[in-house]
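What follows is one structure encoded as structure tokens, with my remarks underneath.
Residue numbers (the UniProt record's numbering): 1 to 193.
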């Protein structure tokens with residue numbers, strides 16, 4: 001995707017112009033490894049300060065946040081068919097809610113919007129059916145972390161393919177550590193870095 005950054009003389013903030021040019025790179029191609037593909041949904045990726053989330057690939061589909069005009073959306077790109085789709089977010093379109101999203105995650109083989117965690121509850125929205133754009137909210141009560149670390153604040157960072165949830169210490173004082181929680185087994189462990 002080609003995106004240009006343009007400065008306005010009247011505004012200090014950057015204005016992002018969406019380009020409708022999209023390219024794919026074919027590994028192992030003899031000629032023309034880069035080639036143009038069609039996208040029927042002109043969009044741009046989230047940029048700072050809203051780019052708090054990552055990109056994620058599940059079963060050959062790449063998911064990432066994007067803007068279509070002024071509406072935040074989840075964009076999917078099928079690597080096999082080279083097709084783009086737009087998935088409406090289950091959250092209000094208010095920018096404050098976008099800033100609360102910590103990252104995209106793989107929850108049971110499905111894409112999930114994971115919220116930031118500063119308390120003991122991790123809230124996420126899981127895409128149950130992409131074609132019908134059906135989301136369900138899942139809340140997981142994370143066990144008390146005080147007994148695992150002297151750090152009190154943890155930030156949710158993502159989920160492993162095994163379903164384990166990964167948290168990182170939030171404070172800069174003390175030793176940095178990671179914390180993993182397996183909701184299936186209801187077990188937690190700490191990794192000091």
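We treat Cβ as the ideally placed atom computed from N, Cα and C, and that holds for glycine.
Setting aside the 5 residues that flank it on each side, residue 37 is surrounded in the same chain by 22, 24 and 82, each with a C-beta closer than 6 Å to its C-beta; the list follows chain order. In chain order, 156, 157, 158, 159, 160, 178, 179 and 180 place their CB closer than 8 Å to the CB of residue 166, counting only its own chain and leaving out the 5 sequence neighbours on each side. For residue 154, the closest C-alpha among the options 169, 141, 140 and 142 is that of 169. Rounded to whole angstroms, the separation of the alpha carbons of residue 35 and residue 124 is 36 Å. Residue 75 counts as buried, since at least 16 other C-beta atoms from the protein chains shown sit within 10 angstroms of its C-beta. For residue 132, there are no CB contacts under 7 Å within the same chain when 5 residues up- and downstream are skipped. In the DSSP annotation of this structure, the continuous segment of the beta strand (DSSP E) that includes residue 24 starts and ends at 22–25.
The Cβ neighbour count for residue 29, taken over all protein chains shown within 10 Å, is under 16; the residue is labelled exposed. Where residue 110 is concerned, the enclosing beta strand (DSSP E) starts and stops at 110–115. Each residue's CA atom was taken as its position, placing residue 127 and residue 54 some 16 Å apart.
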